[in-house]
Amino acid sequence: MPACVHCGKPAVVALDYANIDLCGLCFTCLFERRVWKANREFKLFKRGDRVVVGVSGGKDSSAMLFVLSKMAGQIGFEILPVLVDEGIEGYRNKAIPLAEQLCERLGLQLKIHSYKQAVGKSMDEIVQLRDAGKIRGKSCSFCGVLRRRALDNAAVELKATKIAVGHNADDVAQTFLMNLLRGEPQRNERFGVTSMHEQSTDFGGVVPRIRPLVFNTEKEAAEYCLVNDLPFYLGDCPYAVEAFRGEVKDFLNNVEEKYPGTKFNLLHSFLKEKGGQASPAKEKAVVLKCAKCNSPASGELCKACEIAELLKA
Ligand code: SF4
Ligand code: ZN
Numbered sequence: 000m001p002a003c004v005h006c007g008k009p010a011v012v013a014l015d016y017a018n019i020d021l022c023g024l025c026f027t028c029l030f031e032r033r034v035w036k037a038n039r040e041f042k043l044f045k046r047g048d049r050v051v052v053g054v055s056g057g058k059d060s061s062a063m064l065f066v067l068s069k070m071a072g073q074i075g076f077e078i079l080p081v082l083v084d085e086g087i088e089g090y091r092n093k094a095i096p097l098a099e100q101l102c103e104r105l106g107l108q109l110k111i112h113s114y115k116q117a118v119g120k121s122m123d124e125i126v127q128l129r130d131a132g133k134i135r136g137k138s139c140s141f142c143g144v145l146r147r148r149a150l151d152n153a154a155v156e157l158k159a160t161k162i163a164v165g166h167n168a169d170d171v172a173q174t175f176l177m178n179l180l181r182g183e184p185q186r187n188e189r190f191g192v193t194s195m196h197e198q199s200t201d202f203g204g205v206v207p208r209i210r211p212l213v214f215n216t217e218k219e220a221a222e223y224c225l226v227n228d229l230p231f232y233l234g235d236c237p238y239a240v241e242a243f244r245g246e247v248k249d250f251l252n253n254v255e256e257k258y259p260g261t262k263f264n265l266l267h268s269f270l271k272e273k274g275g276q277a278s279p280a281k282e283k284a285v286v287l288k289c290a291k292c293n294s295p296a297s298g299e300l301c302k303a304c305e306i307a308e309l310l311k312a
C-alpha cells in the first residue's frame with residue numbers, strides 16, 4: 000500500500016493528476032482547503048449570510064454540506080438545506096433518506112420542495128407527457144429549469160442571501176465545453192463561480208448562486224464522502240442518458256484517464272478567461288421581465304413559467 004506523501008501513513012486516495020497518494024486525513028484537509036480557497040477567491044460567504052444549500056443525497060452535495068457545516072461556525076453564516084424532489088421513482092426517492100440522515104447527523108432541518116407541488120407534475124409524469132407527444136423537449140431541459148426555480152423559490156421563502164450548489168470542477172469544465180460545442184460561447188460569459196446573472200436571464204430569482212466545490216473534482220467529492228463516512232446515494236438518474244452533458248462528461252473522463260489534469264486545465268482556462276465571475280456588462284443587458292412572475296426573462300415569459308403553462312395545457 001502506498002504511503003501518504005504528507006504524513007507517511009497508509010494512503011487511501013490517489014491523485015493521478017498530481018501523481019501523489021494521500022491518507023484520509025490529509026486528503027480531507029486538501030479537499031476542505033480548496034473550499035476555503037474558493038471562498039477567498041470568489042468571496043462566497045460572509046458573516047450573517049443565510050445560505051440555502053442545495054442537497055440531493057448525492058456525493059457532491061453531501062460533501063459540500065459537510066464542509067460548509069464546519070465552515071459555518073468559523074465564518075458565522077447559517078445553513079438552510081433544501082432538497083428538490085423531482086419525482087423520479089427509483090432514483091430521488093432512494094437518495095432522499097440519505098440526505099435526511101446527513102442533515103439529522105449535522106443537526107440541520109431539511110426542507111423539501113417538489114416539482115409536483117410547484118407545477119402539479121412530477122418529472123416522471125412530465126416524461127410520460129413528452130413520450131406521448133403532448134410536449135416536446137429533453138427531460139433535463141425541463142428538469143434543469145424547474146430545479147433552479149425551486150431553489151430560487153426556497154431561497155426567497157427562507158430569506159436566504161446565497162444559494163450554494165454542489166457543482167464541482169467537472170461540472171464547470173463540462174458546462175464551459177458544452178457551451179463551446181453548442182456554438183454558444185456567450186453563455187460562458189454569463190456563467191461564473193459566483194453569478195447573479197445566471198438567475199437574472201431565463202430563470203428568474205434574485206439570490207446569488209455560488210459553487211464552493213469548484214476546485215474539487217467529482218471523484219474527489221465521492222472520496223471525501225467515503226473517507227468521512229458520509230451517507231450518499233451513488234445511483235444515476237434514469238433520464239441522464241438523454242443528456243448532452245452525459246456525452247461531454249464521458250469524453251472528459253476518457254481524456255482525463257489518458258491525460259491526467261485535463262479537467263483542471265479546462266477549468267483554469269475558463270476561470271482565467273473571466274476571473275470566475277459573470278460578465279457585469281452582460282448583466283446590465285438584461286431588461287425583460289416575465290409577464291407572469293416578474294422574474295427576469297429572455298422573452299414574454301421566463302423559462303419556468305413557460306414550462307408551467309405547457310404542463311397546464
Ligand atoms: Fe433531472 Fe436530467 Fe438530472 Fe435526471 S439527469 S435529475 S432529468 S437534470
Ligand atoms: Zn415567470
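The sequence shown finishes on residue 312 if you use numbering that gives the first Met the number 0, and the numbering steps up by one all the way, no holes. Glycine included, every Cβ here is placed at the ideal spot set by N, Cα and C.
By alpha-carbon distance to residue 71, the top candidate from 57, 92, 55, 31 is 31.
Across the structure, residue 139 and residue 2 are spaced so that their CA atoms are roughly 42 Å apart. Below 8 Å, enough C-beta pairs join the segment 15-27 and the segment 217-229 to call them touching: three or more.
Here the C-alpha atom of residue 267 lies approximately 43 Å from the C-alpha atom of residue 131. Beta bridge pairing from DSSP links residue 49 with 77. Rounded to the nearest whole angstrom, the CA to CA distance from residue 250 to residue 218 is 15 Å.
Apart from the 5 residues on each side of it in sequence, residue 34 sits with its Cβ closer than 6 Å to the Cβ of 66, 211 in its chain, given in chain order. Within the same chain, Cβ atoms closer than 8 Å to the Cβ of residue 87 are found at 121, 122, 123, 236, 237, 238, the five residues on either side in sequence being excluded. Within its own chain, the residues whose Cβ lies closer than 8 Å to the Cβ of residue 248, once the five positions on either side in sequence are excluded, are 169, 173, listed in chain order. Each of 85, 87, 122, 138, 139, 142, 143, 146, 236, 238, 239, 242 has a C-beta closer than 7 Å to some heavy atom of the ligand SF4; these make up the full list, in chain order. Your pair residue 80 and residue 109 checks out as a contact, with CB atoms roughly 5 Å apart and the cut at 8 Å. In the DSSP assignment, residue 151 falls within the alpha helix (DSSP H) that extends over 138-156. In the DSSP assignment, the residues bridged to residue 112 are 83. Nearest in C-alpha terms to residue 28, of all of 16, 12, 18, 41, is 12. If you draw a 10 Å sphere on the C-beta of residue 307, you find 16 or more other C-beta atoms in it, and that means buried.
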